[in-house]
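Enquirer:
Laid out in structure tokens, this is it:
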């Protein structure tokens, strides 16, 4: 199976290769500093052995950016979340750099905030900006003391290596149990000016709706105020990252920050209107695609699952139903086994905390191999098991649910539950 | 590992061997009728091959019983749930028999209610009672037409074979993916009269809090009104079955019914008071033990997990926190791997929808091999990984969480998440 997702095209937006370095004036870099094993850090910036990937990453803009972010809603918040929140508040939505690491979440540590802020200071000193103008995010094991020394030791090298084409170094340095890097970028036009918006994400387990997101950096050269970035972000996160579930576990460190340096030269977006809609759509395209990438690369996943619900009384109801299906472990196992056990879809729809008439529920299972209609008016319809098997052996499955005549629609994203999920998480720390 | 649970002793109550036949005047039987493969039913009442276990079961009382039940809260309700609810309503809480089958849930079928009621009629005809005085429960695949013919064909044999010592036949006939039968019975005294209360349960997957329960039958010779049975049931289900999660999936057919025939001769319990408390406690002991049996025999499980929360502001808060830990797939995988990854406990506590101070959280991992204190005031404390491994290699693990100075306590029950859960559910239908 492929971990690459099928991208849907949108008129007026062109996918371009790359991620955080596609917008003008953004540099990035990533290297191995040895956070997991601070005493055995090698000199080179590559992993000494295969399973020790790069663990430190920096994204900078040549000029100050307007910035906004969404964070985890877990009561246990990683120290970097608290520091980034404070920094954004202190600057009123300004940031010029974002430093991230994998291998240690710096969460539930007494000295966590101090060390997360120290990472901001390292960046600020080099760039001659305030530490509050730097964002920080960290991911990895919770509850282990974070070693700042490897970061300090390798920081000069990380900074010296920044480049306008190093998005790949950055995107791989934030990976934990991810098996593929996650980057998307689009090009679009605003008032005759060509704009770019691109992002990278990481995350594979501990991923669940109702949180901000996983670790994600989005950069754009579009000129847009921090307030309008936040507005676009909040609207998009509800229908992308918050509709994603790999395993129902809500992380403590999730962060998605958008940095906009305005170098495209468009008239700054400071209010709702046509330009804002274009920007919001560009952000949606990048966020939706990274959401699908996160789902398809869910820990141990062999399939991307998309449940689209229509006919609900409103969007919120559609979201609740779609998520309920995507989160069902039994349904996820059935998809792993390519088993058209649609009763499990009905069961999950039935325990969704939403208002609808179960006797109007209609379910189809689709993929590029075809479609099978399995349930009509809440009861089973006969279908060919042979065709169903063909449909479900594909690696991208759509579950199309209709629940009535309402106008509410939504899509939730997830993946199958496999042996490998258990394997990966049965012994994550060692 | 053993699937047997360790039973806690309670003063004034004595565990006795058996289940639904221990109370005076209750008979039971179970046999194979061929619900899954109606055209290949053998003549004998035993499975023709190993994996085709008995599938039809009957429990009767010599005299009419007061009865009460709790059912699934899923919007998709199996036909037997609807029929049993109607029957209990029609009789005002009377029942003299309970018929159950496995292998087909008779859910999402157009003719489901008609067939479920037909099962009640078969029993009523033989016993010379009304069909409404019979309860029915069914479990198995959802959305496949239920074949009534095998039940009709083998019913005479089932009825003729009823016996006061056939609890084992009954307990095995309701098993689906269960690997062990689940029975508990206690003896106690009320007003000088010896009373018995015993039950059987089944369920392994599709088990989650906030539902009534799995399929369960409890019988007692204690004299108690239907209203007081319902009251005791509601109070107990909240702290037993509703604190149980195997996989987060809420079934469509869950049923727990209590039948009390009064043959012990105690003064009928019709109001709260000392006698009611004794009856409620007996019911609690049976329900709590079956809950633990269900958890330990969760699909693919190798360990029983019990999360006890204390210091919460009230019981509801403690329940929410305990359930959140027990439901975390990542924590469940870590327990499978005997990995003391306590950060995942903190993470799950953190996303619990409850009010408490995360900085007062204290966590210990315990088993009969010892205990490790892993978290104090929301931050990690050093512990011996060697001792932790020993503790977690046991097959019954307690996660002891304190969240403050409140008086709210609760325990939630679950199991680890293993390769076998995925295997069992990747191809359940075939």
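Residue numbers (this note's numbering), protein chains in the order written: chain D, 1 to 430; chain Y, 1 to 430. Glycine included, each C-beta is placed from N, C-alpha and C at the ideal position.
For residue 51(D), name the three-state secondary structure that DSSP assigns.
Expert: As a first step, residue 51(D) is located in the first chain; it is residue number 51 there, counting from the start. With a pLDDT of only 39 at residue 51(D), under the threshold of 50, the placement of this residue in the model should not be trusted; the figure read from the coordinates follows. Coil at residue 51(D), not helix or strand.
Enquirer: With a threshold of 16 other CB atoms inside 10 Å of the CB of residue 393(D), please say whether the residue is buried or exposed.
Expert: Along the first chain, one-based indexing puts residue 393(D) at 393. Result: exposed.
Enquirer: How would you label residue 8(D), buried or exposed, when you count the other beta carbons within 10 angstroms and need 16 or more for buried?
Expert: The residue labelled residue 8(D) in the question sits at position 8 within the first chain. When all chains shown are included, residue 8(D) counts as exposed.
Enquirer: With a 10 Å radius around its C-beta and 16 neighbouring C-beta atoms as the bar for buried, classify residue 61(Y) as buried or exposed.
Expert: Position 61 of the second chain, counted from the start, is the residue given in the question as residue 61(Y). With 16 or more other Cβ atoms within 10 Å, it is buried.
Enquirer: Are the CB atoms of residue 20(D) and residue 201(D) nearer to each other than 8 angstroms?
Expert: Stepping through the first chain from its first residue, residue 20(D) is reached at position 20. Stepping through the first chain from its first residue, residue 201(D) is reached at position 201. Not a contact, by the Cβ cut-off of 8 angstroms.
Enquirer: Relative to the alpha-carbon of residue 217(Y), which residue among 173(Y), 141(Y), 98(Y) has its alpha-carbon at the smallest distance?
Expert: Residue 217(Y) sits at position 217 when you count from the first residue of the second chain. Comparing Cα-Cα distances from residue 217(Y) to each of 173(Y), 141(Y), 98(Y), the minimum goes to 98(Y).
Enquirer: Helix or strand or just coil, what does DSSP make of residue 146(D)?
Expert: Position 146 of the first chain, counted from the first residue, corresponds to residue 146(D). It is coil, neither helix nor strand.
Enquirer: Mind listing the chain D neighbours of residue 109(Y)? Cutoff is C-beta to C-beta under 9 angstroms, in chain order.
Expert: As a position in the second chain, residue 109(Y) is number 109, starting the count at 1. Within chain D, the residues near residue 109(Y) are 379, 380.
Enquirer: Note down, in chain order, every chain D residue with its Cβ under 8 angstroms from the Cβ of residue 251(Y).
Expert: On the second chain, residue 251(Y) is found 251 positions in, with the first residue counted as 1. In chain order: 347.
Enquirer: Using a Cβ-Cβ cutoff of 7 angstroms, what residues of the segment 62-91 of chain D are near chain Y? List them in chain order.
Expert: The residues in question are 74, 75, 76.
Enquirer: For a contact meaning CB atoms closer than 7 angstroms, what does residue 419(D) contact in chain Y?
Expert: One-based indexing of the first chain puts residue 419(D) at position 419. Near residue 419(D) (Cβ distances below 7 angstroms), the residues of chain Y are 419, 422.
Enquirer: Comparing C-alpha positions only, which one of 237(D), 214(D), 425(D) sits nearest to residue 419(Y)?
Expert: Taking the second chain and counting its residues from 1, one reaches residue 419(Y) at position 419. Among 237(D), 214(D), 425(D), the Cα nearest to that of residue 419(Y) belongs to 425(D).
Enquirer: Are any of the Cβ atoms in chain Y nearer than 8 angstroms to that of residue 117(D)?
Expert: In the first chain, residue 117(D) corresponds to position 117, counting from 1. No - not a single Cβ of chain Y is within 8 angstroms of the one on residue 117(D).
Enquirer: According to DSSP, is residue 209(Y) part of a helix, a strand, or is it coil?
Expert: Here the question's residue 209(Y) lines up with position 209 in the second chain. Residue placement at residue 209(Y) is poorly supported in this model, since its pLDDT is 37, which falls under 50; the coordinates still yield a value, given next. Note: residue 209(Y) maps to coil in three-state DSSP.
Enquirer: Rounded to the nearest angstrom, what separates residue 265(D) and residue 278(D) at their Cα positions?
Expert: Along the first chain, one-based indexing puts residue 265(D) at 265. Along the first chain, one-based indexing puts residue 278(D) at 278. Approximately 15 angstroms, taken between the alpha carbons.
Enquirer: Any beta carbon of chain Y sitting closer than 8 angstroms to that of residue 212(D)?
Expert: Against the first chain, residue 212(D) aligns to sequence position 212. Confidence in residue 212(D) is poor, its pLDDT being 30 and thus under 50, which makes the residue's placement unreliable; the coordinate value appears in the next sentence. Cβ-Cβ to chain Y under 8 angstroms: no for residue 212(D).
Enquirer: Does the CB of residue 432(D) have a neighbour CB from chain Y at under 8 angstroms?
Expert: In this structure chain D extends from 1 to 430, so residue 432(D) is not present and cannot be described.
Enquirer: Compile a chain-ordered list of the residues in the segment 317-335 of chain D whose CB is closer than 9 angstroms to at least one CB of chain Y.
Expert: Going along the segment 317-335 of chain D in chain order, one finds 327, 328, 329, 330, 331, 332, 333, 334, 335 with a Cβ nearer than 9 angstroms to chain Y.
Enquirer: Is the beta carbon of residue 304(Y) less than 8 angstroms from the beta carbon of residue 295(Y)?
Expert: Residue mapping note: residue 304(Y) aligns to position 304 of the second chain, counting from 1. Residue mapping note: residue 295(Y) aligns to position 295 of the second chain, counting from 1. It is a contact, given that the beta carbons lie within the stated cut-off.
Enquirer: Cβ of residue 136(Y) within 8 angstroms of Cβ of residue 160(Y)?
Expert: Here residue 136(Y) refers to the residue found at position 136 of the second chain. Here residue 160(Y) refers to the residue found at position 160 of the second chain. No, the pair does not count as a contact, with Cβ atoms beyond the cut-off.
Enquirer: Can you name the residues of chain D whose CB is closer than 9 angstroms to the CB of residue 142(Y)?
Expert: Residue numbering aside, residue 142(Y) sits at position 142 when the second chain is read from its first letter. Simply 341, 342, 343, 344, 346, 347, 380.
Enquirer: Since residue 399(Y) sits in a beta bridge, which residues does DSSP pair it with?
Expert: Walking along the second chain from the start, residue 399(Y) turns up at place 399. Partner(s): 307(Y), 365(Y).
Enquirer: Is the CB of residue 408(D) under 8 angstroms away from at least one CB in chain Y?
Expert: Here residue 408(D) is taken as the residue at index 408 of the first chain, counted from 1. No, residue 408(D) does not count as interfacial toward chain Y.
Enquirer: Apart from the five residues just before and just after residue 158(D), which ones in its own chain have a Cβ nearer than 7 angstroms to its Cβ?
Expert: Against the first chain, residue 158(D) aligns to sequence position 158. If we look at residue 158(D) and ignore the five residues flanking it on each side, its Cβ neighbours are 29, 31, 56, 58.
Enquirer: If you compare alpha carbons, which of 33(Y), 72(Y), 326(Y), 254(Y) is closest to residue 309(Y)?
Expert: On the second chain, position 309 is the one that residue 309(Y) refers to. Checking every option, the nearest Cα to that of residue 309(Y) belongs to 326(Y).
Enquirer: Can you confirm whether residue 216(D), when its beta carbon is compared against all beta carbons of chain Y, has any partner nearer than 8 angstroms?
Expert: For this step, residue 216(D) is matched to residue 216 along the first chain. Not closer than 8 angstroms to any Cβ of chain Y, the Cβ of residue 216(D) fails to qualify, so no.
Enquirer: Just to confirm the assignment, what range does the alpha helix (DSSP H) spanning residue 324(D) have?
Expert: Residue numbering aside, residue 324(D) sits at position 324 when the first chain is read from its first letter. Here the alpha helix (DSSP H) through residue 324(D) covers 315-327.
Enquirer: List in chain order: all unbroken beta strand (DSSP E) runs of 3+ residues lying wholly within the segment 78-127 of chain D.
Expert: Complete beta strand (DSSP E) runs here, min 3: 94-101.
Enquirer: If you drop the 5 nearest sequence neighbours on each side, which residues of the same chain put their C-beta closer than 8 angstroms to that of residue 41(D)?
Expert: By 1-based counting over the first chain, the position of residue 41(D) is 41. With a pLDDT of 46 at residue 41(D), under the threshold of 50, the predicted position of this residue should be treated as unreliable, though the coordinate-derived value follows. Once the five neighbours on either side are set aside, the close Cβ partners of residue 41(D) are 32, 33, 34, 150, 153, 154.
Enquirer: Among the candidates 184(Y), 54(Y), 220(Y), whose CA atom is the shortest distance from the CA of residue 194(Y)?
Expert: One-based indexing of the second chain puts residue 194(Y) at position 194. Considering only alpha carbons, the answer is 220(Y).
Enquirer: Does residue 54(Y) come within less than 8 angstroms of chain D when only Cβ atoms are used?
Expert: The count along the second chain starts at 1 and reaches residue 54(Y) at position 54. Chain D, which has no Cβ nearer than 8 angstroms to the Cβ of residue 54(Y), makes this no.
Enquirer: Below 8 angstroms between beta carbons: does that hold for residue 397(Y) and residue 335(Y)?
Expert: Residue 397(Y) sits at position 397 when you count from the first residue of the second chain. Residue 335(Y) sits at position 335 when you count from the first residue of the second chain. Taking 8 angstroms as the Cβ cut-off, residue 397(Y) and residue 335(Y) qualify as a contacting pair.
Enquirer: I'd like to know whether the C-beta of residue 351(Y) is nearer than 8 angstroms to at least one C-beta of chain D.
Expert: As a position in the second chain, residue 351(Y) is number 351, starting the count at 1. It does; some Cβ of chain D falls within 8 angstroms.
Enquirer: Return the residue from the list 140(Y), 356(Y), 91(Y) that minimises the CA-CA distance to residue 54(Y).
Expert: Sequence index remark: in the second chain, residue 54(Y) carries index 54 (1-based). The shortest Cα separation from residue 54(Y) among 140(Y), 356(Y), 91(Y) belongs to 140(Y).
Enquirer: Spell out whether any CB of chain Y is found under 8 angstroms from the CB atom of residue 239(D).
Expert: Taking the first residue of the first chain as 1, we reach residue 239(D) at position 239. So, not an interface residue.
Enquirer: If you pair each beta-carbon of the segment 97-113 of chain Y with each one of the segment 225-234 of chain Y, do three or more pairs fall below 8 angstroms?
Expert: As far as the Cβ criterion goes, the segment 97-113 of chain Y does not touch the segment 225-234 of chain Y, which means the pair count is below three.
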